[in-house]
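J.: Take this structure first; my questions come after.
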Amino acid sequence: ETGVTQTPRHLVMGMTNKKSLKCEQHLGHNAMYWYKQSAKKPLELMFVYSLEERVENNSVPSRFSPECPNSSHLFLHLHTLQPEDSALYLCASSQAHRSSYNSPLHFGNGTRLTVT
Amino acid sequence: KNEVEQSPQNLTAQEGEFITINCSYSVGISALHWLQQHPGGGIVSLFMLSSGKKKHGRLIATINIQEKHSSLHITASHPRDSAVYICAVRGGYSGGGADGLTFGKGTHLIIQP
Numbered sequence: 054e055t056g057v058t059q060t061p062r063h064l065v066m067g068m069t070n071k072k073s074l075k076c077e078q079h080l081g082h083n084a085m086y087w088y089k090q091s092a093k094k095p096l097e098l099m100f101v102y103s104l105e106e107r108v109e110n111n112s113v114p115s116r117f118s119p120e121c122p123n124s125s126h127l128f129l130h131l132h133t134l135q136p137e138d139s140a141l142y143l144c145a146s147s148q149a150h151r152s153s154y155n156s157p158l159h160f161g162n163g164t165r166l167t168v169t
Numbered sequence: 002k003n004e005v006e007q008s009p010q011n012l013t014a015q016e017g018e019f020i021t022i023n024c025s026y027s028v029g030i031s032a033l034h035w036l037q038q039h040p041g042g043g044i045v046s047l048f049m050l051s052s053g054k055k056k057h058g059r060l061i062a063t064i065n066i067q068e069k070h071s072s073l074h075i076t077a078s079h080p081r082d083s084a085v086y087i088c089a090v091r092g093g094y095s096g097g098g099a100d101g102l103t104f105g106k107g108t109h110l111i112i113q114p
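Line order of the protein sequences matches chains A and B. With this note's numbering, the residue at position 85 of the first sequence is 138, and numbering never jumps. With this note's numbering, the residue at position 4 of the second sequence is 5, and numbering never jumps.
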């Protein structure tokens, strides 16, 4: 039990589909993150919700849309994806402070996404 | 922007061997993380350190701030240690992005029985 739960574990979708990834944390953390992990590449930060503020990486295409209804739940809405979006999508949480994000990250097991 | 280099990229060893994985970075940091990722995908945080040395069971992490270098050691390695080990650094300033973490590409470790 990692304390961070992601669903689904695996997802196959066509380029015209709309789907959502879900992340839930039971650790009482106030920051949640979406990361993308492609083969042979380092983890890439996509989005952060922290202290009720959303911080967005401007290089993330608009076909990825995050939603954070409360501090325990995080979604990633997907639509009209491309095959190159196939990757492992990891959610993480941490306890962030206003002047520092220097606390351990707790990761979920990820969603393996395949776009056909 | 910090550059994080890990070595080796791949490592295969026999059970019981002493393992060392290295991480170098280019710019001063406030903290360095060692993470472990098993084949299923989930990532576990092993250590977060900003100076000196930390030990947890058979795992030891060291960092040399002056040399901008960290090592992860595994003593008496076991097949269950087989995983990808990822180094990540957090900048010493707040302007490095929301989470400020820069990740290495990881070291793929296989321990054979």
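All C-beta atoms, glycine included, are put in the ideal place defined by N, C-alpha and C.
Identify the contact partners of His159 (chain A) in chain B, using a Cβ-Cβ distance below 8 Å as the criterion.
T.: Ordered by position in chain B, the residues that pass the 8 Å Cβ test against His159 (chain A) are Ser46.
J.: Answer yes or no: does any C-beta atom of chain A fall closer than 8 Å to that of Phe104 (chain B)?
T.: It does: the Cβ of Phe104 (chain B) has a partner Cβ on chain A nearer than 8 Å.
J.: On the DSSP letters alone, give me the boundaries of the beta strand (DSSP E) that Gln7 (chain B) sits inside.
T.: Run containing Gln7 (chain B): Val5 to Ser8, per the beta strand (DSSP E) assignment.
J.: Which residues in the same chain as Lys72 (chain A) place their Cβ atom closer than 7 Å to its Cβ, once the five residues preceding and following it in sequence are excluded?
T.: If we look at Lys72 (chain A) and ignore the five residues flanking it on each side, its Cβ neighbours are Leu64, Met66 and Leu131.
J.: Run the CB neighbour count on Arg91 (chain B), radius 10 Å, all protein chains shown included, and call it buried at 16 or more, exposed below.
T.: Arg91 (chain B) is buried by the Cβ-count criterion.
J.: Which residues of the stretch 61–95 of chain A have a Cβ closer than 9 Å to any Cβ of chain C? Give them in chain order.
T.: The structure shown has no chain C; the protein chains it does contain are A and B.
J.: I'd like to check one pair, Gly163 (chain A) with Gly43 (chain B): are the Cβ atoms closer than 8 Å?
T.: Contact: yes.
J.: Determine the closest residue to Arg81 (chain B) out of B:Lys69, B:Cys88, B:Ala14 and B:Ile112, with distance taken between C-alpha atoms.
T.: Of the listed residues, the one whose Cα sits closest to Arg81 (chain B) is B:Ile112.
J.: Quick one: Cα of Leu134 (chain A) to Cα of Cys24 (chain B), how far?
T.: Going by the C-alpha atoms only, they are around 34 Å apart.
J.: In the DSSP assignment, find the unbroken beta strand (DSSP E) run with Leu64 (chain A) in it and report its ends.
T.: Where Leu64 (chain A) is concerned, the enclosing beta strand (DSSP E) stretches over His63 to Met66.
J.: What three-state label does DSSP hand Arg115 (chain B) in the structure shown?
T.: Shown here, chain B extends from 2 to 114; a query on residue 115 (chain B) therefore has no answer.
J.: Which residues does DSSP list as the beta-bridge partners of Ala14 (chain B)?
T.: Looking at the DSSP assignment, Ala14 (chain B) forms a beta bridge with B:Ile112.
J.: Output yes or no for whether 8 Å exceeds the beta carbon distance between Asn70 (chain A) and Gln148 (chain A).
T.: Their beta carbons are not under 8 Å apart, which means Asn70 (chain A) does not touch Gln148 (chain A) by this criterion.
J.: Indicate whether Ala84 (chain B) and Leu110 (chain B) have their beta-carbon atoms separated by less than 8 Å.
T.: Cβ atoms of Ala84 (chain B) and Leu110 (chain B): closer than 8 Å.
J.: Would you please verify whether the beta carbon of Leu143 (chain A) is less than 8 Å from any beta carbon of chain B?
T.: Yes, Leu143 (chain A) counts as interfacial toward chain B.
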